[in-house]
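Per the working numbering, the sequence shown runs over residues 53 to 440. A quick write-up on the structure given underneath.
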Amino acid sequence: MADPFDSKSFGFMPAIDEQQGNSADVFCLGQFVRHSAAVVSSSSIGAAAGDHQQQQQRPQQPQHMAMLLPASVVKTEQQQQQKEKYAQGDYDQLTPSIRSSLEDDRLDVRRQQQQMCHVEQLMKTCESIVGQLTQFQNDQNALLGRIVQLETQQQQMLADQTTKESTKLGNAKQQKKAPASNFLVPQPMGPMKQINFWDYEARSHDYPYYGLCDLEILDSKHRTIRYTTRKYNPDWRTVFAKHSIQDCANSNGLFYFEIAIEHLLGSFGAVVGFALKLKPFVSVVNRWGTLAYQSNGTSFINGYQQNLNVAHSFTHGDVFGLGIYLTTCEVFLTKNGHRLVTAAITVPFPIDHLQQQQQLFPFVSLLSPADQIEANFGPNFLFANTQK
53 MADPFDSKSF GFMPAIDEQQ GNSADVFCLG QFVRHSAAVV SSSSIGAAAG DHQQQQQRPQ
113 QPQHMAMLLP ASVVKTEQQQ QQKEKYAQGD YDQLTPSIRS SLEDDRLDVR RQQQQMCHVE
173 QLMKTCESIV GQLTQFQNDQ NALLGRIVQL ETQQQQMLAD QTTKESTKLG NAKQQKKAPA
233 SNFLVPQPMG PMKQINFWDY EARSHDYPYY GLCDLEILDS KHRTIRYTTR KYNPDWRTVF
293 AKHSIQDCAN SNGLFYFEIA IEHLLGSFGA VVGFALKLKP FVSVVNRWGT LAYQSNGTSF
353 INGYQQNLNV AHSFTHGDVF GLGIYLTTCE VFLTKNGHRL VTAAITVPFP IDHLQQQQQL
413 FPFVSLLSPA DQIEANFGPN FLFANTQK
């Protein structure tokens with residue numbers, strides 16, 4: 053290959069004179085420039101043609117792969133720079149995308165913390181439930197143990213009761229057969245000063261003002277009386293006992309008597325009590341110094357209706373008893389052999405009578421014709437527990 057800068061190639065000629073030399077130099081320079089441009093152009097074209105041929109022979113890469121690597125590298129470098137700024141506290145220099153990413157990370161951390169708190173709370177709740185279940189099982193076991201203990205005690209009590217019943221049955225076979233009830237067999241009251249009875253003279257009979265009605269004494273012992281009449285003009289009729297309660301009380305200062313209702317027309321047609329023996333022998337419940345109990349459950353003290361907290365009535369077939377302790381002025385009532393109240397009833401008036409040496413007498417008042425009662429002044433009564 054010829055030298056492009058050879059003088060012959062540019063037609064350099066030797067200078068003859070100065071004027072001709074300058075003209076020749078100018079001419080030669082123009083030739084050199086044109087030749088250089090041609091050489092550069094030809095070499096550029098050759099190089100371009102060679103490169104094009106190499107590109108045709110080499111396999112082409114996708115354009116997005118050529119762009120992805122530089123972009124990712126740049127993005128990674130930007131993120132690293134943003135993180136360094138965030139770590140240094142320079143939040144104003146962060147890009148919006150980085151800020152959004154940081155906010156998302158912050159929200160994720162907060163959600164994770166909330167989930168952890170919720171999980172811890174659930175664990176505590178589960179532990180509490182397990183503790184409660186354990187306590188419940190312990191209580192249940194204790195209750196089962198108590199039930200077993202009670203069942204054992206119950207079985208022991210049943211066995212003891214069976215043994216006692218067997219013992220009682222054996223003793224009953226060895227002993228004489230006893231009465232079944234105090235109501236069926238009268239029991240002794242104790243030694244009496246004297247046995248009382250109804251006073252034939254102290255009864256209602258033939259008082260014209262009060263009607264033509266009588267109380268008849270039917271038996272020889274003067275214990276059974278009946279209301280009789282010649283005309284139907286009924287009114288209260290009263291009969292008193294012969295002796296006072298002071299004269300008939302036993303050694304304990306107790307007086308007690310019973311009235312068996314053999315016939316009674318109305319629910320309120322009989323009155324039993326203690327009173328002064330004063331004429332006329334009609335209704336005495338409204339008198340001072342009277343303690344009376346009516347068959348409908350009404351009580352009277354000193355002529356006034358009182359509440360003795362014993363609301364028990366008595367009628368046909370019943371046995372009504374009335375007792376009084378002279379030392380304490382306590383009164384008690386019985387019905388069919390059973391005491392109506394556990395505590396005695398204290399009344400004020402017998403003390404006044406006893407201090408004034410006034411005698412109180414048992415009495416019975418009847419209202420309707422054909423009413424009939426029988427008195428029991430002792431010593432055997434249906435009520436057994438008369439000893440204080």
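From the three backbone atoms N, C-alpha and C, an ideal C-beta is built for every residue, glycine too.
Using a threshold of 8 Å, state whether the C-beta atoms of residue i and residue j are closer than that.
i           : j           : result
residue 297 : residue 333 : no
residue 280 : residue 421 : yes
residue 366 : residue 313 : yes
residue 288 : residue 351 : no
residue 274 : residue 423 : no
residue 309 : residue 388 : no
residue 293 : residue 418 : no
residue 311 : residue 291 : no
residue 364 : residue 343 : no
residue 197 : residue 306 : no
residue 303 : residue 347 : no
residue 216 : residue 301 : no
residue 369 : residue 354 : no
According to DSSP, simplified to helix, strand and coil, what is residue i?
i           : result
residue 305 : coil
residue 297 : helix
residue 195 : helix
residue 329 : coil
residue 151 : helix
residue 290 : strand
residue 449 : What the structure shows of the chain is the stretch from 53 to 440, and residue 449 is not part of that stretch, so it cannot be assessed.
residue 157 : helix
residue 278 : strand
residue 210 : helix
residue 435 : coil
residue 185 : helix
residue 37  : No answer is possible for residue 37: the residues shown for the chain start at 53 and end at 440.
residue 267 : strand
residue 237 : With a pLDDT of only 40 at residue 237, under 50, the local geometry of the prediction cannot be trusted, and no value is derived from it.
residue 218 : helix
residue 272 : coil
residue 245 : coil
residue 411 : coil
Quick test of your reading: residue i and residue j, contact by CB under 8 Å. State the CB separation rounded to the nearest angstrom.
i           : j           : result
residue 328 : residue 410 : 6 Å
residue 385 : residue 345 : 7 Å
residue 434 : residue 371 : 5 Å
residue 247 : residue 430 : 6 Å
residue 337 : residue 416 : Actually they do not touch by this definition, with Cβ atoms about 12 Å apart.
What does residue i pair with, by DSSP beta-bridge criteria?
i           : result
residue 428 : 310
residue 416 : 291, 324
residue 315 : 424
At which residue ranges does the stretch 330-389 contain complete beta strand (DSSP E) runs of 3 or more residues, listed in the order of the chain? 343-346, 351-353, 356-358, 371-377, 382-387
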